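What follows is a short report on a single structure.
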Amino acid sequence: MIRIPMDRAYSKEHVWAQETPEGYQRIGITDYARHLVGRAVYVELPNTGDAFEADARIGAVESDDAVTEFTTPVAGVVAAVNVELSASPGLVHDEPYDSGWLVEIDPAHPDDTGHLLSAAAYEEYLHDEAP
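So the sequence shown is numbered by our numbering: it starts at 63 and just counts up by one.
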C-alpha cells in the first residue's frame, strides 16, 4: 500500500512539497517513487544557495540498480539540504516523508505550488496514469 500524507502537495514526477514554518518548501520523493528507485546507496544533492527554475533537475538517488533524477516542483534557491543523507542515504527509502527529505527551497514565488496535486488528486493520478 502506497502512503500519501494529506499534509503536502505532489508533482506528477513523484516529488512532494511541504511548507515549513520558515516559509520554505521541503522537497522529497514519494512513497511510490521510493518503490521504483529501490534502496538508496547514494544521494546527490545540490549546494545551499543554488538557484533553480521549477521542474529543473536538482539531484539524483542512486540504488544498486539505477540512478533516478529528481526535480524541484518550485522555483527558488536551495535554503537547506538534508546532510544526514550523505551518511545514511537509506533514509530516502526508509522514511521518504520524514527524515528522508531531500532539500528545502526558498521559493521565488510563495504561491508557486498551485500547479501541484493534492493528496487525493495524486492518488487518483497514480491509479489512472502512473506506470
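All C-beta atoms, glycine included, are put in the ideal place defined by N, C-alpha and C.
Just so you know, these numbers come straight off a predicted model, no measurement behind them.
query: Can you list, in chain order, the residues of its chain whose CB lies under 6 Å from that of D112, leaving out five sequence neighbours each side?
result: Here residue 112 corresponds to residue number 50 of the sequence shown, with the count starting at 1. Excluding sequence positions up to five before and after D112, its CB lies within less than 6 Å of the CB of V140, all in the same chain and listed in chain order.
- prompt: Going by beta carbon distance, what residues of the same chain come within less than 6 Å of A80, once the five residues before and after it are set aside?
  reply: What you label residue 80 is simply residue 18 of the sequence shown in a count that begins at 1. Note on identity: in this sequence residue 80 is Gln, with Ala being the wrong assignment. Hits under 6 Å: R70 and R88.
- prompt: For R96, which three-state DSSP category applies?
  reply: Locating residue 96 in the sequence shown gives position 34, counting from the first residue. If DSSP states are grouped into helix, strand and coil, R96 belongs with the helices.
- request: Could you please give me the residues that DSSP links to G138 through a beta bridge?
  value: To locate residue 138, count along the sequence shown from 1; it is residue 76. F114 and P169.
- request: Look at the Cβ atom of G121, then the Cβ atom of I167, and state whether they are nearer than 8 Å.
  value: As a first step, residue 121 must be located in the sequence shown, where it is residue number 59. As a first step, residue 167 must be located in the sequence shown, where it is residue number 105. For the 8 Å CB-CB criterion, G121 and I167 do not form a contact.
query: In whole angstroms, what is the alpha-carbon distance linking G152 and Y159?
result: Your numbering for residue 152 matches position 90 in the sequence shown. Your numbering for residue 159 matches position 97 in the sequence shown. The straight-line gap from Cα to Cα measures roughly 13 Å.
- request: Identify the continuous beta strand (DSSP E) that holds A122 and give its terminal residues.
  value: Within the sequence shown, numbered from 1, the residue matching residue 122 stands at position 60. Element bounds for A122: R119 to S125.
V129, DSSP secondary structure in three states: As a working note, residue 129 is residue 67 in the sequence shown. V129 falls in the strand class under three-state DSSP.
field: Proximity below 8 Å, CB of S125 to CB of A149
entry: Position 63 of the sequence shown holds residue 125. Position 87 of the sequence shown holds residue 149. Their beta carbons are not under 8 Å apart, which means S125 does not touch A149 by this criterion.
- prompt: Residue range of the alpha helix (DSSP H) that V154 falls in?
  reply: Taking the first residue of the sequence shown as 1, we reach residue 154 at position 92. Where V154 is concerned, the enclosing alpha helix (DSSP H) stretches over L153 to D156.
- request: Could you have a look at L179 and say whether DSSP puts it in helix, strand or coil?
  value: By one-based count along the sequence shown, residue 179 stands at place 117. Per DSSP, reduced to three states, the secondary structure at L179 is strand.
query: Is Y187 helix, strand or coil when you go by DSSP?
result: Within the sequence shown, residue 187 is the residue found at index 125, counting from 1. The answer is helix: DSSP assigns Y187 an H, G or I state.
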